[in-house]
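All residue numbers for the sequence shown refer to my numbering, where the first residue is -4 and numbers rise by one. A short worksheet on the structure shown next.
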Amino acid sequence: FGPYAGVVVDRMDKRRLLIGLLLVASALATVLGVLTATGTVQLWQVYVLAFLLGGVSSVETPARQTFVLELVGPDNLRNAVSLNSVLVNVARAVGPALAGIVIATGGMAVCFLLNAISFAAVIDSLLRLDLAALTPSAPAPRAPGQLREGLAYVRRTPALAVPLLSMALIGCLAFAFQVVLPIVASGTFAGDASTYGFLTAAMGAGAVVGGLGMAAWGRTGMWSLAAAAVAFGLAMLATALAPTLTVALIGMGLVGAASVAFQSTGNSTLQLAAAPHMRGRVMALY
């Protein structure tokens, strides 16, 4: 649903859209929690809920990303995207640890239900926003062929097409490195789950440092994106050649920093280059 989701985002008020989507996501989490708590959950139900959540996420992600620009304006967008990347990586490190504690003490159902309740804080923050301080883009009027229009717009705009193609290529071939990490931990360094944990923690720490650095640096554009891509590639190559676990941990820190730099630079570059009425469709492709 991703490409068409951008059309939906461009047509609607993003704050209201986000509130509605988060309510649906919370409802899906609640259903999973109740099914688990009552012992009636079945695999096909998990598939259905995952499919529905994927549909919600396909719209929520471009809506949330484009809403950042309405919150902070173009001058602070780069900084905001980088800081968001820092928070995401902190959450990746802290979240699983908290989930493990909750599951061990309260069970799986409690974990799912707490997840459902957590949406309330985000929804409440959206409801409390000072609307006068926002800089919303005017919703695009409904018209036939808006998906094709978005694709054609990207195709004829090099400032959008080149970053998107770069991200497609690098995202496909490079960002799968997280899937390989367990094999590196066990096969390359004869380690166990703790070794894998150290590797992911090093990556998360590097991502936090890199995100803060990018927030301070605050540059966008093709050359910045190319520099981040080269740094990402070199960091991955150095880690792949690491002779010891200690060197690999340093390398994973660099990989984390460079990957966040690449992602945040690409995100900001696309949003600033896209026309306001096309931004949702562009970020849906991203």
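Built from N, CA and C at the ideal position, the CB exists for glycine as well. Being a predicted model, the structure only gives us computed values, none of them experimental.
Can you grab the Cα-Cα spacing for the pair residue i / residue j, in whole Å?
i, j, result
"residue 153", "residue 217", "10 angstroms"
"residue 199", "residue 246", "12 angstroms"
"residue 103", "residue 19", "21 angstroms"
"residue 122", "residue 13", "10 angstroms"
"residue 75", "residue 151", "28 angstroms"
"residue 67", "residue 90", "27 angstroms"
"residue 52", "residue 23", "12 angstroms"
"residue 277", "residue 140", "15 angstroms"
"residue 271", "residue 132", "6 angstroms"
"residue 142", "residue 242", "47 angstroms"
"residue 210", "residue 258", "12 angstroms"
"residue 191", "residue 182", "11 angstroms"
"residue 235", "residue 208", "24 angstroms"
"residue 41", "residue 108", "15 angstroms"
"residue 287", "residue 179", "Here the chain covers residues -4 to 281 and nothing more, so residue 287 does not appear."
"residue 99", "residue 269", "47 angstroms"
"residue 70", "residue 266", "12 angstroms"
"residue 284", "residue 233", "This structure does not reach residue 284, given that the chain is present from -4 up to 281, and the question cannot be answered."
"residue 77", "residue 130", "20 angstroms"
"residue 126", "residue 237", "51 angstroms"
"residue 39", "residue 46", "11 angstroms"
"residue 57", "residue 49", "13 angstroms"
"residue 97", "residue 86", "15 angstroms"
"residue 116", "residue 25", "15 angstroms"
If you check the beta carbons only, do residue i and residue j fall under 8 angstroms apart?
i, j, result
"residue 231", "residue 134", "no"
"residue 275", "residue 4", "yes"
"residue 256", "residue 279", "no"
"residue 174", "residue 252", "no"
"residue 166", "residue 80", "no"
"residue 44", "residue 17", "no"
"residue 308", "residue 215", "Not covered by the structure: residue 308. The range shown for the chain is -4 to 281."
"residue 106", "residue 94", "yes"
"residue 114", "residue 21", "yes"
"residue 54", "residue 111", "no"
"residue 186", "residue 250", "no"
"residue 197", "residue 244", "yes"
"residue 82", "residue 10", "no"
"residue 194", "residue 176", "yes"
"residue 227", "residue 169", "yes"
"residue 298", "residue 149", "Any answer about residue 298 is impossible in this case: the structure gives the chain only from -4 up to 281."
"residue 145", "residue 2", "yes"
Runs of 4 residues minimum, wholly inside the segment 225 to 277: which ones carry the alpha helix (DSSP H) assignment?
240 to 268
Uninterrupted alpha helix (DSSP H) stretches inside the segment -3 to 33 (no shorter than 4 residues)
-3 to 6 and 9 to 32
I want to know whether the segment 259 to 277 touches the segment 57 to 70 - three or more CB-CB distances under 8 angstroms.
yes
Using 8 angstroms as the cut-off, can you tell me whether the segment 14 to 33 makes contact with the segment 158 to 173, which would need three or more C-beta pairs spanning the two stretches below that distance?
no
Contained alpha helix (DSSP H) runs [length at least 4] in the segment 130 to 211, N- to C-terminal order:
141 to 150, 153 to 168 and 172 to 178
In chain order, what are the residue ranges of uninterrupted alpha helix (DSSP H) at least 4 long that sit wholly in the segment 69 to 106?
72 to 101
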